Structures are given as structure tokens and as C-alpha cells.
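The sequence shown begins at 65 in the numbering used here and counts up by one.
All C-beta atoms in this analysis are idealised placements derived from N, C-alpha and C, irrespective of residue type, glycine included.
None of the values given here were measured: they were computed from a predicted structure.
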Amino acid sequence: MKNRILIIGLSLFFLIHGSINAQEVKSVHNLFKALKSHPQTKGDVLASEKATIGKQMAFSNLFPTISAYTSFDSSSDPTGMVPVTPNGSSYMVQHQEIPQPFSDQIFKAGLSVSMPVFIKSIYTTANEAKHLQKSAQAKQQINLLQNEAIIVSSNANLLYLDAFTKALESKKTSLLKTKEIIEAQVKNGRASGSSLLIINSSIQQVEATKNEIEINKEQAISTIETLTGIRVDNPIQMFESSVIDSSALKSLEPLEQKVLADKLAYRAEKEKLLPSIALRANYTYSSGIAYNNDISVSPDFSTIGVVVSVPIFDKKQLTQIKKSKLNYDATSNEFEKLELSLKSQAIQLKNSLQLLYKSENLYQQSIQDKEEILNIEKVSFQSGRITIEDYLKYEDDLVLEKSKLYKAQAEKWQTLVKLAVIYGNNIENLVK
Numbered sequence: 065m066k067n068r069i070l071i072i073g074l075s076l077f078f079l080i081h082g083s084i085n086a087q088e089v090k091s092v093h094n095l096f097k098a099l100k101s102h103p104q105t106k107g108d109v110l111a112s113e114k115a116t117i118g119k120q121m122a123f124s125n126l127f128p129t130i131s132a133y134t135s136f137d138s139s140s141d142p143t144g145m146v147p148v149t150p151n152g153s154s155y156m157v158q159h160q161e162i163p164q165p166f167s168d169q170i171f172k173a174g175l176s177v178s179m180p181v182f183i184k185s186i187y188t189t190a191n192e193a194k195h196l197q198k199s200a201q202a203k204q205q206i207n208l209l210q211n212e213a214i215i216v217s218s219n220a221n222l223l224y225l226d227a228f229t230k231a232l233e234s235k236k237t238s239l240l241k242t243k244e245i246i247e248a249q250v251k252n253g254r255a256s257g258s259s260l261l262i263i264n265s266s267i268q269q270v271e272a273t274k275n276e277i278e279i280n281k282e283q284a285i286s287t288i289e290t291l292t293g294i295r296v297d298n299p300i301q302m303f304e305s306s307v308i309d310s311s312a313l314k315s316l317e318p319l320e321q322k323v324l325a326d327k328l329a330y331r332a333e334k335e336k337l338l339p340s341i342a343l344r345a346n347y348t349y350s351s352g353i354a355y356n357n358d359i360s361v362s363p364d365f366s367t368i369g370v371v372v373s374v375p376i377f378d379k380k381q382l383t384q385i386k387k388s389k390l391n392y393d394a395t396s397n398e399f400e401k402l403e404l405s406l407k408s409q410a411i412q413l414k415n416s417l418q419l420l421y422k423s424e425n426l427y428q429q430s431i432q433d434k435e436e437i438l439n440i441e442k443v444s445f446q447s448g449r450i451t452i453e454d455y456l457k458y459e460d461d462l463v464l465e466k467s468k469l470y471k472a473q474a475e476k477w478q479t480l481v482k483l484a485v486i487y488g489n490n491i492e493n494l495v496k
């Protein structure tokens, strides 16, 4: 029976999650605003901020490292506080009145500075971090668009289900009027009691379908609530306010930036086998009691130099290079797969969108025709030219055609926002 077809049609529109407090929402943009402050979105913001910190950490390796230190050493034999040249040592031995920089208790304080002069992998790693940051920011934007698309799709389902409910109410009103006629006919002996049972069964089917609709509405409401914290009991009217810009597959950007980052990571690992140059400087102040004449002595000492390091053999690093190359190849392959998939999806969605626009017009004309046919056949039934079963088929046909129209309208919105996500369009500009 066609009522069963209606119920099966409803099951195609199922969604997911949630529950909170009902609120009066007049615009879908209120839901978008709530989404941006919801924990779901804040998680993406935090991920982007982590990537920014990662970039800052990578660039921090280019800055000098400065540290201060202090120590106190007590030894069993006097030890040198600063280096002493042979001539200087000989002179102090001959002149014992000069305190020699050797003591068994030495206090030291100083500064240590180190700075990369040329370590190629640091610059490459810093560049890698920039692309990782761009990837995280692009991912944050795409995730926001995806959640906005879910909100629009769920609201489109609510519009569909609400319109379907009104169509069923209209059918019920029509059936109740017909029931009054049948009751009079049964009372006058012009119709059998089975006709009354059939019309009652049809009315009960309408109520059962409406109950099924309420279940589906709760699922759609719950999905919106999960993303926004707002319970929307009534659907929000939506209108298209712009067209889709299909000039670029912007949803590829997060992975595209990740490919560039992995390529640089691979390069950085190879560059770790290159020579590196670093600057190092130290200053030390020492204080103690000279062992030769018990006079306090406070010498200081400083060094500055350039260190060149040349890797000769590092098996662990060679293995790390192979690993980073595999990571880069895997990400590149994933990008190519996603690009092909999105291009295919975009073509299919564009074609479907044009068909849905056409279907919408066809269903609207068909509904007008079926309404006229139903009015004619209702008169035919009242005059006894057709049976109750034949009349009910026309009632079912009209509601079924209306459900197809409302379903096509919902699918149109869902197709639009899917394309918006693929092409990275601003959904807030697309919907009003």
C-alpha cells in the first residue's frame, strides 16, 4: 500500500545525536553563530593554535640560547680556577706574594651562549612548521563549513518533515469529511459497513505516518542541538542568496599543505647529514683562597668559538630519512586519491542539483494535476461510480507526490551545501 511507501521514504532521512533547551530561532545564522562558540568548534581552534605554537617552536631554534650558571666546588687538593700559561705559572712560583689561581674551595658564576650559524635542517623544519600551521588553519575552516552544512541539511530535513506533516493533515481532513459522507450512506443503507472500516484504517495510517515523522524530526533536532547547544523544535525557512563558486577545490587545501610539510620534513632529515656550524661562547668568574698564600683571588675567563660538525656515519639517521620519505609518499598518494574523489563527487553533485531543480518544477505541476484529479474522483466516489479503495488511491497519490516534492527540496539544500564544502564556499553567504 502507498502509505507504506511514504513511511519507507521517511526512513531515507535519518541523522544523529543530542538534547538541550528549546529556543526560538528566526534565522539559520543564529545557529551558525552558536556553532562558532560551541566546544565542537573550539576544539578545531585549539588544534590551529597548537600548530601556531609548533611553528614558533621551530623558528625558536634559530635564536641564541643564553644560560647563567653558578657552582661551588670543594676538592681534596687545590685545583685550577682558570687556565694558566707556563710562563705565567713560572713567574708566580718565583713570586709567592702573588696569589696563584688554585684553591680547594672554588665559587664560580658565568654565562653560556650558543647559536646556530648554519644548520640547514633548522631552516627547512621551520618552513615545514609554516605549512603545518596553514594546514591546521585550513582544516579548521573546512570543519566549520562541514558543521554548517550539517546544520543546513538537518534544518532542510525539518522543513521536509514539517511540510510532509501538513500534507498528511490535509489528507486527514479530507478523509474525515469523506468519513462523514460514508457514515450517512451506511446509515441510509447506501453503503456497506466495510467502507467505514476502510476509511478508518486509512485515517489510522495517517496518524502512524505522522508518528514516524516525529521520530525523524527528533533525530534532526538532536543533530542541530549537538553542534550548537540549541534545540530547534520548528524548522527555519531558508533561501539561496548566492551561487556556488566552483573555481577551486579548496577542501583539498589542508591535505595539500600537509603534503608540502611532509616533503620539507623529508628534506630536513636528509639535510641533517650536511655539515653544521654553530657559535659558542662562555664567560666564567671564579673566586677562592689561593693555596700558596691564603689571599683571596677572583680571576675570570672567557671563550668564544665556532664549531663545525660533519656527520660521518649515522645509521639511525639514514633509517629516519627512509621513514620520512615513506610518510611523504603516503601523504602524496592520499592527496591524489582525495583529489580524484572530490572531482568525481563535484560532477555528480552538480548534475544531481540540476535534476533536482527540474524535479521540483515537475512535482509542483504534478501536484496541481493530482489535486484536480482527486476533486473529480471524490465526486465520483460520492456518486457511487468508483469504490472506496479506488478513491483512497487518489488520496495516497497526492500525498506521495507532495512528499516527493518536499524530499527533492531537502535534497537540493543538502546537495548545495555539499558542493559548498568541496569548493570551500562560505555557507553563511549561500544561505539566508
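When Ile341, Met145 and Val177 are compared, the shortest CA-CA separation from Pro375 is found for Ile341. For Ser256, there is no enclosing beta strand (DSSP E), as DSSP gives it neither H nor E. Fewer than three pairs of CB atoms, one per stretch, sit closer than 8 Å, so the segment 302-309 makes no contact with the segment 197-206. By the beta-carbon neighbour count (other beta carbons within 10 angstroms, threshold 16), His195 is buried. For Asn346, the enclosing beta strand (DSSP E) stretches over residues Ser340 to Ile353. Excluding its 5 nearest sequence neighbours in each direction, Asp141 has C-beta neighbours in its own chain below 8 Å: Asp168, listed in chain order.
Here Leu456 carries a helix assignment [DSSP, helix/strand/coil]. Tyr133 carries a strand assignment under DSSP once its states are collapsed to helix, strand and coil.
If you draw a straight line from the Cα of Glu192 to the Cα of Phe127, it is about 17 Å long. Within the DSSP bridge table, the entry for Gln169 names Ser138 as partners.
If you check the CB distance, Thr189 and Leu316 do not come in under 9 Å. Cβ neighbours of Gly118 within its own chain (closer than 8 Å, five residues either side excluded): Ala193, Leu196 and Gln197. In the pairwise beta carbon analysis, the segment 158-174 is classified as touching the segment 131-150: at least three pairs are separated by under 8 Å. Within a 10 Å sphere around the beta-carbon of Val181 sit fewer than 16 other beta-carbons, which makes this residue exposed. Residue pairing from DSSP leaves Ser91 without any beta-bridge partner.
Thr451 carries a coil assignment under DSSP once its states are collapsed to helix, strand and coil.
Going by DSSP, Ser124 is part of the alpha helix (DSSP H) stretching over Pro103 to Ser124.
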